[in-house]
Amino acid sequence: MLNKTIEKNMVMLENSLTAPEIDGVLLGSDWGSQLDLLMSPDTWQEMIRPGEQKEYDLVHSYGKDVWVHSCGNIERIIPSLIEMGWTC
């Protein structure tokens with residue numbers, strides 16, 4: 042299911058990123074609760090990061106910024122988001 046979601050997102054992004062009016066794309070999901078991540082950082086790295094990285098790489102290949110939305114406390118994965126190319 043995760044792979045199918047990423048595949049669909051990639052098509053949507055490909056269709057949108059050519060618009061010159063777009064400076065960046067808001068990506069992300071609700072990975073956290075008010076207290077902490079909804080999963081372990083290791084699970085996020087294994088299951089979520091690879092697909093998100095594909096999306097980030099595609100956005101960057103068009104010279105656009107990646108912005109991230111996530112409700113809750115995702116503090117423990119912020120270093121990973123920065124490595125992946127999170128802009129703000």
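Position one of the sequence shown corresponds to residue 42 (my numbering), numbered consecutively onward.
Here a beta-carbon is modelled for each residue, glycine too, at the ideal position from N, C-alpha and C.
None of these values were measured; they are calculated from a predicted model.
Secondary structure of residue i, DSSP reduced to three states
i, result
"G73", "strand"
"L78", "strand"
"L54", "helix"
"I115", "coil"
Opening and closing residue of the beta strand (DSSP E) in which residue i lies
i, result
"D106", "106–109"
"G92", "Here G92 belongs to no beta strand (DSSP E); instead the alpha helix (DSSP H) covers 90–102."
"L67", "65–68"
Residue i burial status per 10 Å Cβ neighbour count (16 or more: buried)
i, result
"I115", "buried"
Among the options, nearest to residue i - alpha-carbon criterion
i, options, result
"E124", "S111, Y103, P91", "P91"
"G113", "W72, V52, N50, M51", "W72"
"L54", "S121, Q86, H101, T128", "H101"
"Q94", "L58, W127, T59", "W127"
Extent of the continuous alpha helix (DSSP H) to which residue i belongs
i, result
"E124", "119–125"
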